[in-house]
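> My questions all concern the structure below.
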Amino acid sequence: MRIIIMPREQKLSSQLPLLVVAGAGACTLLYLGYKYYSSKSPATPRRQLVEEADDTEIIPTLAPVNRQKKKNLSPRPPNSTIRHDVTAPLTPSNEHEVEEKDYNSLWNYVTLKNDYYILRHGESEAQLEHLITSNPLQCVNTYGLTEKGKQQVLHSIDQFKPSLLTVDRSIHIYTSDFLRAQQTAKIVCNQLNIPEDELNICEELRERAFGIYNGKSMDNYEKIWTLDATNDHEHLLNKTQVESTRDVIRRTTKLIANLEKLYSNDIILLVSHGDTLQILQTAFEKNVKSIEHRQAIKHLETGEIRHLKYKDTTVKI
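Sequential numbering from 1 applies to the sequence shown in UniProt numbering.
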């Protein structure tokens, strides 16, 4: 910066040009200095200056906003009682609860608002041949009922007709799509004067998939049930391609949970197969593991009807 000394007696008008030149030079030097130091250290953002000045917490808005809509959860079925353990500990009360609750859709229900009956199909042609048959490609169109099987169904319907037919309650029939189950369900419709077109056919009630044992002797059932008791679901699937008891529980209880949303105070008859219904009964007992379906549940005979009574035996906090 240049310092100009002027004579005291010089007029102000003669000083103005020199002062302007000096001032411009000073501004230029200040600007160059600012640019130099700015390149050495980043400037403090305006947001930070404001925060330091008034000591106010400011929520950043630079992060992307999640605009995904919330999922529309299905409303709780009216008249159903579902347990919500608000004060329950984070650790479940026992190992059985840890294993079962993740795949049993009925786990949180304290009561069910419909009455459920199960009917195992009558004797089939496959049973006469002593064969395990669970492949849908075969069983939807083949291996129907024997004459003995048809008589078994008629006998059971005669016994349960007073329970199934009531004046003030509707009855709904759901059946596996396998031929032997459909034929059984149609006999029920005829005996109860229900139009066959009101029959509900669903894959959730199919026979348990028996993997490598399909088409083989029924003597292999004991091998499968022995594997069930070991609770080794991975081995069962990887070595034999047999559907685990967990998966049977998952598909059958999901169906019943949906029926609880559709109906109220009605009678529902489920027409299905031996292992499928044997395993489903453990979900209604609640204190019986699905792998214990042969040890803890009485064997369901062909053509037999059984009334399922839901038991909520879990610990309530």
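For glycine and all other residues, C-beta sits at the position ideal for the given N, C-alpha and C. Bear in mind the structure is a predicted one, so any value in this text is a computation, not a measurement.
Using 8 Å as the threshold, is the C-beta distance between L199 and T175 below it?
Going by C-beta atoms, L199 is nearer than 8 Å to T175.
> Using the rule of at least 16 other Cβ atoms within 10 Å of the residue's Cβ for burial, across every protein chain shown, is residue 330 buried or exposed?
The structure shown does not extend to residue 330, since the chain is modelled only from 1 through 317, so no value can be given for it.
> Would K298 be called buried (16 or more neighbouring beta carbons within 10 Å of its own) or exposed?
The residue is exposed, with fewer than 16 neighbouring Cβ atoms inside 10 Å.
> May I ask you to report which of helix, strand or coil DSSP gives S163?
Note: S163 maps to helix in three-state DSSP.
> Classify H307 as helix, strand or coil using the three-state DSSP reduction.
Correct three-state label for H307: strand.
> Flag this pair as yes or no: are the beta carbons of G274 and T184 separated by less than 8 Å?
No, the pair does not count as a contact, with Cβ atoms beyond the cut-off.
> Please work out which residues of its chain come closer than 8 Å, Cβ to Cβ, to V86, disregarding the five sequence neighbours upstream and downstream, and give them in chain order.
With a pLDDT of 28 at V86, under the threshold of 50, the modelled position of that residue is not reliable, and the figure given next carries that caveat. Nothing listed; no residue qualifies.
> If we count the other Cβ atoms within 10 Å of its Cβ and call it buried at 16 or more, is E304 buried or exposed?
Label assigned to E304: buried.
> Could you give the residue range of the alpha helix (DSSP H) that holds H235?
Its alpha helix (DSSP H) spans residues H233 to T240.
> Short of 6 Å in beta carbon distance, which residues of its chain neighbour V271, apart from the five on each side in sequence? Order them along the chain.
Here the set comprises L119, T175, A181, T184 and A185.
> Is the separation between the beta-carbon of D228 and that of T245 shorter than 8 Å?
Yes, these two residues count as a Cβ contact at 8 Å.
> Give me, in chain order, the residues of the same chain whose beta-carbon lies closer than 8 Å to that of N214; leave out the 5 immediate sequence neighbours on both sides.
Once the five neighbours on either side are set aside, the close Cβ partners of N214 are I132, T133, S134 and N135.
> In the structure shown, what three-state DSSP assignment does T81 receive?
Residue confidence for T81 is low, a pLDDT of 37 falling below 50, so the modelled location carries little weight; the figure read from the coordinates is stated next. It is a strand residue.
> For I187, which residues in the same chain have their Cβ closer than 6 Å to its Cβ, ignoring the five residues on either side in sequence?
Once the five neighbours on either side are set aside, the close Cβ partners of I187 are V153.
> Grouping DSSP H, G and I as helix and E and B as strand, with all else coil, what is S272?
Looking at S272 - three-state DSSP - the assignment turns out to be strand.
> Do Y116 and I279 have their CB atoms nearer than 8 Å?
Not in contact: Y116 and I279 (Cβ atoms no closer than 8 Å).
> Check for me: the beta strand (DSSP E) holding R120 runs from which residue to which?
Unbroken beta strand (DSSP E) run through R120: D115 to R120.
> DSSP three-state call for L145: helix, strand or coil?
Strand, per DSSP.
> What residue from E301, Q281 and T302 has the CA that sits closest to residue 331's CA?
Residue 331 cannot be examined here, being either before or after the span of the chain that is shown, 1 to 317.
> Taking the C-alpha atoms as reference points, what is the distance between Q191 and L164?
Roughly 11 Å separates the two Cα atoms.
> Would you call the CB atoms of E204 and K254 closer than 8 Å?
Yes, Cβ-Cβ distance for E204 and K254 is below 8 Å.
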